[in-house]
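In UniProt numbering, the protein residues as written are 1 to 363. For every residue, glycine included, the Cβ atom is placed at its ideal position computed from N, Cα and C. Following: one structure in structure tokens, then a few remarks.
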Ligand SMILES: NC(=O)c1ccc[n+]([C@@H]2O[C@H](COP(=O)([O-])OP(=O)(O)OC[C@H]3O[C@@H](n4cnc5c(N)ncnc54)[C@H](O)[C@@H]3O)[C@@H](O)[C@H]2O)c1
């Protein structure tokens, strides 16, 4: 019998009603979808939208490693085939080049919906496309989940808190977002995606999960995408000065990608809807981060100050009490351990001494 944990605290309202959840593995094998009599289901079928991107490709690695069948849907806007190329030939892996703004029908049990450009350089490149991806793309994937009875997980973002007036940010904080700024296509896009997800949950009884991801770093991040960790690492490797925007006292928290993937899978398989903050609460100023990069790569790297960009939040730090308590999750890899793990990958890609990645760019 499935045991239902009674949650008698204010977080209780974030848990799904008993009976909707699927606790153990056998139950998960048969979430949604229709299998004709006599045909055996071969493990979980998982769709990862944006699976050729940075976070998505690490998630795909983990899902395949444990025996799931994975379909990646990606338009390769910021993702790269090279990120998943090592799975080519695996009969449990498929990749479809497709834009989530257009509908698609696939028989799957779980949908991890990651498709969306994530760094400011990319999402500002075509803001109307960004909001379309967030709204129309999310609607399409929710529609698919409803049609095939799949469980749906949205990767939202800490950006839904905007420039937060509360620190650290808890999930009950509604945020301080500029609706008409240059970042709104992303921030408001993700807020709308959360709304759509909850509306499908309430009105169509869809099983949903929402993760609010905080800054994540690791191998396969886009180089030169303007995110601070990739910027600093690439600059230090190229012997360029590390560019710090503003006075460098704004803080961020940085989570290593394997910690995030673990959190996303626990969330998908747990019984709670969320939203859950998934991030590393270790808080660093930009200047402190520059110091870790200097210590890891080049102690002589110089720092150069530049004017700050519009709407750049001053502080960002997740409160992860809810994820700790309800998902039994917390990040394990501190910055000084995680950073060296991405340096070799960046070195290989920047200096081209690894063949498959040197050929990147046909997308
Ligand atoms: N990395 C972080 O620090 C972070 C923080 C908060 C939230 N997130 C969220 O996590 C998800 C993954 O982010 P990431 O860092 O891996 O970014 P990424 O840019 O590496 O990956 C996004 C992927 O989505 C694909 N994509 C974009 N638009 C698409 C569309 N219309 N149709 C199909 N595919 C499309 C891209 O080609 C790419 O492969 C995003 O939803 C992002 O908003 C990431």
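Since residue i and residue j are thought to touch, with beta carbons under 8 Å apart, how far apart are those beta carbons, to the nearest angstrom?
i           : j           : result
residue 251 : residue 284 : 6 Å
residue 171 : residue 331 : Not really, about 17 Å apart at Cβ, beyond 8 Å.
residue 364 : residue 279 : The structure shown does not extend to residue 364, since the chain is modelled only from 1 through 363, so no value can be given for it.
residue 173 : residue 186 : Actually they are not in contact, since the Cβ atoms of residue 173 and residue 186 sit about 18 Å apart, beyond 8 Å.
residue 89  : residue 115 : So it is not a contact: roughly 24 Å between Cβ atoms.
residue 194 : residue 156 : 5 Å
residue 338 : residue 256 : 4 Å
residue 233 : residue 305 : Their Cβ separation, rounded to whole angstroms, is 19 Å, which puts residue 233 and residue 305 out of contact at 8 Å.
residue 323 : residue 264 : Going by Cβ atoms, the distance from residue 323 to residue 264 rounds to 11 Å, so no, they are not a contact pair.
residue 93  : residue 70  : 6 Å
Check whether the Cβ of residue i lies closer than 8 Å to any heavy atom of ligand 1, and answer yes or no.
i           : result
residue 117 : yes
residue 341 : no
residue 326 : no
residue 222 : yes
residue 227 : yes
residue 82  : no
residue 283 : no
residue 111 : no
residue 131 : no
residue 159 : yes
residue 280 : no
residue 52  : yes
residue 70  : no
residue 217 : yes
residue 190 : yes
residue 253 : no
residue 277 : no
residue 99  : yes
residue 77  : yes
residue 122 : yes
residue 210 : no
residue 114 : yes
residue 156 : yes
residue 152 : no
residue 213 : yes
residue 73  : yes
residue 137 : yes
residue 395 : Residue 395 lies beyond the residue range present for the chain, which begins at 1 and ends at 363; the question has no answer from this structure.
residue 233 : no
residue 49  : yes
residue 108 : no
Give me the Cα-Cα distance between residue i and residue j, rounded to the nearest whole angstrom.
i           : j           : result
residue 119 : residue 225 : 6 Å
residue 247 : residue 106 : 49 Å
residue 282 : residue 254 : 7 Å
residue 112 : residue 294 : 36 Å
residue 260 : residue 213 : 8 Å
residue 134 : residue 147 : 20 Å
residue 349 : residue 203 : 46 Å
residue 167 : residue 221 : 27 Å
residue 68  : residue 189 : 30 Å
residue 104 : residue 73  : 10 Å
residue 102 : residue 48  : 16 Å
residue 219 : residue 127 : 26 Å
residue 86  : residue 52  : 12 Å
residue 27  : residue 44  : Confidence is the limiting factor: at residue 27 the pLDDT is only 40, short of 50, which leaves the residue's position unreliable and the question unanswerable from this model.
residue 57  : residue 63  : 10 Å
residue 46  : residue 192 : 24 Å
residue 303 : residue 139 : 44 Å
residue 141 : residue 208 : 12 Å
residue 268 : residue 223 : 29 Å
residue 176 : residue 83  : 35 Å
residue 131 : residue 75  : 15 Å
residue 117 : residue 230 : 15 Å
residue 317 : residue 308 : 19 Å
residue 352 : residue 201 : 46 Å
How would you call residue i, buried or exposed, if buried means at least 16 neighbouring beta carbons within 10 angstroms?
i           : result
residue 336 : exposed
residue 125 : exposed
residue 169 : buried
residue 199 : exposed
residue 151 : buried
residue 180 : exposed
residue 216 : buried
residue 228 : buried
residue 153 : buried
residue 164 : buried
residue 121 : exposed
residue 249 : exposed
Say whether chain C places a C-beta atom closer than 9 Å to the C-beta of residue i.
i           : result
residue 103 : Of the protein chains in this structure there is only one, and it is not chain C.
* For the segment 145-199, which segments carrying the beta strand (DSSP E) assignment without a break, of at least 3 residues, lie completely within its bounds, in sequence order? -> 151-157, all fully within the segment 145-199.
* **Whole runs of the beta strand (DSSP E) within the segment 74-147, excluding any shorter than 3 residues** => 93-97 and 110-113
* To do: Would you mind listing the beta strand (DSSP E) stretches within the segment 278-324 that are 3+ residues and don't spill past its ends, in chain order?
  => 283-285 and 303-306
* **Continuous beta strand (DSSP E) assignments of at least 3 residues falling wholly in the segment 201-268** => 208-213, 242-245 and 251-253
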